[in-house]
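Novice:
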Amino acid sequence: MKAVRMYAPRDLRVEEVDIPSYEADECLIKVMAVGVCGSDIPRVNQYGAHVSPIIVGHEFGGQIVKTGDKVTKFKAGDRVTCPPLIPCFKCKYCEMVNIHFVKTTIIMVQEEMVHLHNISQ
4 MKAVRMYAPR DLRVEEVDIP SYEADECLIK VMAVGVCGSD IPRVNQYGAH VSPIIVGHEF
64 GGQIVKTGDK VTKFKAGDRV TCPPLIPCFK CKYCEMVNIH FVKTTIIMVQ EEMVHLHNIS
124 Q
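Each residue of the sequence shown is one higher than the last, beginning at 4 in the working numbering.
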């Protein structure tokens, strides 16, 4: 599959990469569209990333291609999106569905998360 990989600021390359494997409680997603996040612009133009090379594009939408044996709520063909933030589900902001204010949010930046999203139940 093709992916945009960043090696250094202003050094982006479209390359062939292996299709990732997935676990029994995960889905393989074919990415159909990727958004450019506000954090991508300074990273690509000036600062670079914490690891290199890294596949850019952590805000995406796609279609499930395959599901693991333990996946029951999703099926191949479902259209999905992956939020770039993982809320804590415990604080007042999560209760109000304002996850961008959560202080314990995990930001997904690992390249594996671009292609593979854990949907453990």
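Even for Gly, the Cβ is constructed at its ideal location relative to N, Cα and C.
Return helix, strand or coil for residue 20, following the three-state DSSP convention.
Specialist: Here residue 20 refers to the residue found at position 17 when the sequence shown is read from its first residue. Residue state, collapsed to three classes: coil.
Novice: Could you give the DSSP three-state label for residue 10: helix, strand or coil?
Specialist: Sequence index remark: in the sequence shown, residue 10 carries index 7 (1-based). Three-state DSSP puts residue 10 in a strand.
Novice: What residue does the beta strand (DSSP E) around residue 98 start on, and which one ends it?
Specialist: Position 95 of the sequence shown, counted from the first residue, corresponds to residue 98. Segment 95–98 is the alpha helix (DSSP H) holding residue 98; no beta strand (DSSP E) there.
Novice: By DSSP, does residue 47 sit in helix, in strand, or in coil?
Specialist: Here the question's residue 47 lines up with position 44 in the sequence shown. DSSP places residue 47 in helix when its eight states are reduced to three.
Novice: Could you give the residue range of the beta strand (DSSP E) that holds residue 35?
Specialist: Numbered from its first residue, the sequence shown carries residue 35 at position 32. Here the beta strand (DSSP E) through residue 35 covers 29–37.
Novice: Go ahead and label residue 29 buried or exposed: buried means 16 or more other beta carbons lie within 10 angstroms of its beta carbon, across all protein chains shown.
Specialist: Taking the first residue of the sequence shown as position 1, residue 29 is located at position 26. Counting Cβ neighbours within 10 Å, residue 29 comes out buried, since at least 16 surround it.
Novice: Would you report the Cα separation of residue 45 and residue 10, rounded to the nearest angstrom?
Specialist: Against the sequence shown, residue 45 aligns to sequence position 42. Against the sequence shown, residue 10 aligns to sequence position 7. Cα-Cα distance, rounded: 14 Å.
Novice: Contact check, residue 100 vs residue 63 under 8 Å by CB: the rounded distance?
Specialist: Along the sequence shown, one-based indexing puts residue 100 at 97. Along the sequence shown, one-based indexing puts residue 63 at 60. Rounded, the Cβ-Cβ distance is 21 Å, inconsistent with contact.
Novice: Could you pull out every residue in the same chain whose Cβ sits closer than 6 Å to the Cβ of residue 15, ignoring the five residues on either side in sequence?
Specialist: Counting from 1 along the sequence shown, the entry for residue 15 is found at position 12. Counting only Cβ-Cβ distances below 6 Å, and skipping sequence neighbours, we find 7 and 9.
Novice: To the nearest angstrom, how far is it from the Cα of residue 60 to the Cα of residue 68?
Specialist: One-based indexing of the sequence shown puts residue 60 at position 57. One-based indexing of the sequence shown puts residue 68 at position 65. Taking the straight line from one Cα to the other gives about 19 Å.
Novice: Go ahead and label residue 85 buried or exposed: buried means 16 or more other beta carbons lie within 10 angstroms of its beta carbon, across all protein chains shown.
Specialist: Within the sequence shown, the letter at position 82 stands for residue 85. Buried, because 16 or more other Cβ atoms sit within 10 Å of the Cβ of residue 85.
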